[in-house]
Every structure is written in C-alpha cells, then in structure tokens.
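Engineer:
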Amino acid sequence: MLVSEISYGNWVTHGSQVEADQAKACVRAALDLGITTFDTADVYAGTRAESVLGEALQGERREGLEIFTKVFWPTGPGRNDRGLSRKHIMESINGSLRRLQTDYVDLYQLHRFDHHTPLDETFEALADVVHSGKAHYIGVSEWTAEQIRAGHELARELKIQLVSSQPQYSMLWRVIEAKVVPTSEELGIGQIVWSPLAQGVLTGKYLPGQPPPAGSRATDEKSGAMFIKRFLDDDVLSTVQRLKPIAEQAGLTMAQLALAWVLQNPNVSSAIVGATRPEQLQDNVKAIGVKLDPALLKAIDEVVDPIVVRDPAKTESPANRP
Ligand SMILES: NC(=O)c1ccc[n+]([C@@H]2O[C@H](COP(=O)([O-])OP(=O)(O)OC[C@H]3O[C@@H](n4cnc5c(N)ncnc54)[C@H](OP(=O)(O)O)[C@@H]3O)[C@@H](O)[C@H]2O)c1
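Mapping of the sequence shown onto the working numbering: residues 21 to 342, in sequence order.
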C-alpha cells in the first residue's frame with residue numbers, strides 16, 4: 021500500500037479545538053492538495069474525532085483513500101475499554117468502523133504496547149480482524165525496537181502484515197534513530213511519523229517571552245495546551261528562531277523546512293501533520309519532493325544540537341494500563 025508523503029491527522033483538533041465546519045474544510049483542502057492518507061484514533065476527542073473524519077470523507081471514492089485508526093487508550097469508563105485484549109480490540113474496531121462510516125480501515129495501529137496482555141492474544145485477535153476484512157494492514161505506535169521485532173514475528177506466523185511504526189519524530193525529537201529505525205529497515209517497516217512540526221513550534225510562530233498566538237494549540241486549554249507545553253520553553257523557542265535564516269536561504273517556510281527534514285530520512289514513509297486551517301495544509305504540502313543538501317542539514321544540526329532529544333529509552337508505553 022502506498023501513502024501520501026504528507027498525511028492529515030486529527031488529534032486534538034477534530035471534535036475538540038476545531039468546529040465541525042472548519043474540520044471539514046481542512047479535510048477538503050487536504051484532498052484537493054493530493055493528501056490521500058488520513059490518521060485518527062478511537063480515543064481522539066473521546067471518540068468524536070473518528071465521527072468527524074468519517075462525515076468529512078463521505079462521498080469520496082473509498083479506494084482512493086488510506087484511512088488509519090488506532091486502539092489502546094481508553095474509549096470508555098470500563099476496565100475493558102482500553103488495552104490490547106481480544107475483547108477490547110474486537111469492540112474497538114467495530115466502534116471505529118461505525119464512526120468512520122466504512123467497512124474497513126487500511127491500517128489498524130496498536131497505539132502503545134500493552135504490558136498486561138500476552139502478545140499472542142493481541143496478534144491472534146488482529147489476525148481475525150484482518151482475515152475478516154476489517155483492516156488490511158497492522159501498525160504499531162511508540163513501540164521499542166524489541167517490541168516491533170516480536171510483533172513482526174508473530175504477524176508473519178499468523179499471515180498478517182505489520183507494515184508500519186508511528187513514532188514521534190522531528191528535528192527536535194530523534195529518539196527513533198538509534199534503534200527503531202535500523203530494526204524497521206531490517207524488517208521492511210516504514211515510519212509514519214507524528215508531530216513533525218513539534219505541534220506547531222517548528223513553524224517559528226511561538227516567540228520566546230511572548231504569549232502564544234491567538235487560536236493556536238497552546239491556547240487550547242481543553243486539551244492541546246497540555247501536550248504542547250513540553251516544547252514551550254524559552255531555550256527551545258529561541259533556538260527555533262535561529263532556524264529562520266536557514267529556511268529563508270533555502271526558499272522554504274519554517275514548516276516546509278521541518279517537514280522536508282523528516283521526509284529526508286529514507287525510513288520515513290509519511291509525515292502526519294495536524295492543521296486547524298486549510299492554509300496550513302497549503303503551506304505544508306509544499307515540503308513534498310524538497311531535497312535538503314548536506315550543507316543545509318549540517319547547518320540545521322549546528323543550531324538545534326543542544327536541545328535535540330535522542331535517548332532511545334524515551335520510546336515507551338505506560339507500565340500500567342491507563
Ligand atoms: N501515535 C501517537 O501517539 C500520536 C500522538 C500525537 C499525534 N499523532 C498523530 O499525528 C498527527 C499530527 O500531530 P500534530 O498535530 O501534533 O502534528 P504537527 O504537524 O507537529 O502540529 C500540527 C499543529 O501545528 C499547527 N500548524 C500546522 N501547520 C502549520 C503551519 N503551516 N503554520 C503554522 N502552524 C501550523 C496547527 O496548530 P494550531 O493552528 O493550533 O497552532 C496544527 O494543528 C495527529 O493528528 C495524529 O494523527 C499520533
């Protein structure tokens with residue numbers, strides 16, 4: 021299965037930060053700009069994000085889309101409304117398909133590793149999901165290299181395909197480079213990376229010592245602000261400002277530079293961007309096909325090196341079910 025180099029994801033936006041009309045306008049813009057890959061999850065906006073996406077994609081030719089969703093984080097109050105047990109996987113896929121208004125998803129992703137369910141149970145349930153036609157391929161998210169290897173082996177035995185890993189990856193967050201990427205390359209697995217713009221920080225719009233721009237994720241007290249907080253540190257923000265002349269010299273916006281940077285990694289199949297406005301997608305898709313030369317990559321590294329996170333131990337899943 022091929023995917024678009026830029027995918028559109030709806031975490032913290034659809035069903036939450038962004039009104040339904042605006043969400044639909046973003047999906048329309050994505051489609052018009054050639055984005056065919058859409059990423060969501062059962063848990064986003066308390067399951068509302070899948071419904072918004074399903075509604076927005078109505079009337080589109082299903083064969084022309086790649087629709088991805090996920091399972092693991094809580095979708096309800098019960099102790100079985102979470103994790104990777106057979107019970108929750110079977111219930112969650114049915115809920116996702118209903119909300120997305122489709123008979124199948126193209127990629128069904130395990131949103132974290134579940135330390136409380138035997139891996140055999142999870143993969144046997146996934147094999148039933150795939151063999152009954154409810155999903156075509158399996159992916160994982162934030163799994164370590166060892167977990168990916170174990171899952172890949174089980175998937176082969178069960179004659180299903182584990183094709184992708186969905187980690188956080190950006191100029192600032194490179195924890196997959198040491199282990200996850202080499203293992204994935206060996207196994208033929210691609211990275212579909214999240215928060216390639218560090219949630220908007222790498223666009224350069226957050227200025228050190230100043231309040232965040234009106235309407236941005238950092239002002240979304242319902243949910244977004246809590247997640248972007250980790251990057252809103254004056255050290256990080258002033259370092260990011262120093263990338264501006266590099267982007268200008270390359271004739272790129274800051275967003276395009278950040279996206280072209282993740283896409284230059286040959287193991288990255290797609291960068292999933294979020295967007296609250298169609299104009300952001302118009303900006304972001306222009307990163308497709310941009311080649312960054314070695315001198316420019318070196319200049320970027322010289323600027324960001326002091327704040328880059330590289331520790332592979334930061335690829336982790338909760339020790340206990342959430
Ligand atoms: N597997 C996982 O655990 C996991 C975790 C997180 C995300 N994800 C996936 O990855 C997707 C993307 O994550 P993300 O939303 O954090 O990605 P991101 O692309 O790093 O950040 C997106 C946000 O940045 C701002 N933005 C985007 N383009 C811009 C532009 N050109 N100029 C100015 N601002 C711009 C927008 O926020 P504002 O307009 O509000 O500022 C937008 O919502 C999610 O939707 C989800 O599908 C997966």
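The beta-carbon is built from N, C-alpha and C at its ideal position, and this holds for glycine as well.
1) With respect to 6 Å, is the separation between the Cβ of Ile180 and the closest non-hydrogen atom of ligand 1 below this value?
2) In angstroms, rounded to a whole number, what distance separates the CA positions of Leu227 and Arg237?
3) Is it buried or exposed, Gly271, if we count other Cβ atoms within 10 angstroms and call 16 or more buried?
4) Assign Trp163 to one of three DSSP states: helix, strand, or coil.
5) Start and end of the alpha helix (DSSP H) containing Thr89?
6) Identify which residue in Glu83, Arg106 and Gln78 has its Cα closest to the Cα of Arg118.
7) Can the beta-carbon of Leu104 be found closer than 7 Å to that of Leu130?
8) Compare the C-alpha of Lys306 against each of Gly54, Ala45 and Met21 and name the closest.
9) Excluding the 5 residues preceding and the 5 following Ala45 in the sequence, name in chain order all residues of the same chain whose CB lies nearer than 7 Å to its CB.
10) Tell me which residue opens and which closes the alpha helix (DSSP H) that Gln261 is part of.
11) Does chain B have any CB closer than 7 Å to the CB of Leu104?
12) Look at the alpha carbon of Lys90 and the alpha carbon of Gly84, and state the distance between them as a whole number of angstroms.
13) Quick one: what's got a C-beta closer than 8 Å to Leu51's C-beta in the same chain, skipping five residues either side?
14) Count the other C-beta atoms from every protein chain shown that fall within 10 angstroms of the C-beta of Val329, then say buried if there are 16 or more, exposed otherwise.
15) Counting along the chain, where does the alpha helix (DSSP H) carrying Ala291 start and finish?
16) For ligand 1, any of its heavy atoms closer than 6 Å to the Cβ of Pro94?
17) Would you kindly report the start and end of the unbroken beta strand (DSSP E) that includes Asp59?
18) For Trp193, verify whether its CB is less than 6 Å away from any heavy atom of ligand 1.
19) Check whether the Cβ of Leu130 lies closer than 6 Å to any heavy atom of ligand 1, and answer yes or no.
20) So, with DSSP's three-state summary, where would you put Gln211?
21) Run through DSSP, which three-state label would Gln219 get?
22) Could you check whether Phe92 and Arg132 sit closer than 7 Å to each other, using their CB atoms as the reference points?
Structural biologist: Straight from the coordinates:
1) Position 160 of the sequence shown, counted from the first residue, corresponds to residue 180. No, the Cβ of Ile180 stays beyond 6 Å of every heavy atom of ligand 1.
2) The residue given as residue 227 occupies position 207 in the sequence shown. The residue given as residue 237 occupies position 217 in the sequence shown. Taking the straight line joining both Cα atoms gives about 14 Å.
3) On the sequence shown, residue 271 is found 251 positions in, with the first residue counted as 1. Exposed, since its Cβ has fewer than 16 Cβ neighbours within 10 Å.
4) As a working note, residue 163 is residue 143 in the sequence shown. Three-state result, Trp163: coil.
5) By 1-based counting over the sequence shown, the position of residue 89 is 69. No alpha helix (DSSP H) holds Thr89; the beta strand (DSSP E) holding it covers Glu86 to Val91.
6) Within the sequence shown, the letter at position 98 stands for residue 118. Out of Glu83, Arg106 and Gln78, Gln78 has the C-alpha closest to the C-alpha of Arg118.
7) To locate residue 104, count along the sequence shown from 1; it is residue 84. To locate residue 130, count along the sequence shown from 1; it is residue 110. For Leu104 and Leu130, yes; Cβs fall inside 7 Å.
8) Translated into the one-based positions of the sequence shown, residue 306 becomes position 286. Among Gly54, Ala45 and Met21, the Cα nearest to that of Lys306 is on Gly54.
9) Translated into the one-based positions of the sequence shown, residue 45 becomes position 25. The answer, listed in chain order, is Pro298.
10) Within the sequence shown, the letter at position 241 stands for residue 261. Element bounds for Gln261: Asp254 to Gln261.
11) The chain labelled as chain B is not found in the depicted structure, where only one protein chain is given.
12) Along the sequence shown, one-based indexing puts residue 90 at 70. Along the sequence shown, one-based indexing puts residue 84 at 64. The alpha-carbon atoms of Lys90 and Gly84 are separated by roughly 20 Å.
13) Taking the sequence shown and counting its residues from 1, the one referred to as residue 51 is at position 31. For Leu51, where only same-chain residues beyond five positions count, the Cβ hits under 8 Å are Glu80.
14) Here the question's residue 329 lines up with position 309 in the sequence shown. With fewer than 16 Cβ atoms within 10 Å of its Cβ, Val329 is classed as exposed.
15) Numbered from 1 along the sequence shown, position 271 holds the residue referred to as residue 291. Here Ala291 belongs to no alpha helix (DSSP H); instead the beta strand (DSSP E) covers Val288 to Val293.
16) Position 74 of the sequence shown holds residue 94. No, Cβ of Pro94 sits at least 6 Å from all heavy atoms of ligand 1.
17) Numbered from 1 along the sequence shown, position 39 holds the residue referred to as residue 59. Residues Thr57 to Asp59.
18) Residue 193 sits at position 173 when you count from the first residue of the sequence shown. The answer is no for Trp193.
19) Against the sequence shown, residue 130 aligns to sequence position 110. False, no ligand heavy atom lies under 6 Å from that Cβ.
20) Position 191 of the sequence shown holds residue 211. Here Gln211 sits in strand by DSSP.
21) On the sequence shown, residue 219 is found 199 positions in, with the first residue counted as 1. In the structure shown, Gln219 sits in a helix (DSSP, three-state: H, G or I).
22) Reading the sequence shown from its first residue, position 112 is the one you call residue 132. Reading the sequence shown from its first residue, position 72 is the one you call residue 92. Using a Cβ distance threshold of 7 Å, Arg132 and Phe92 count as a contacting pair.
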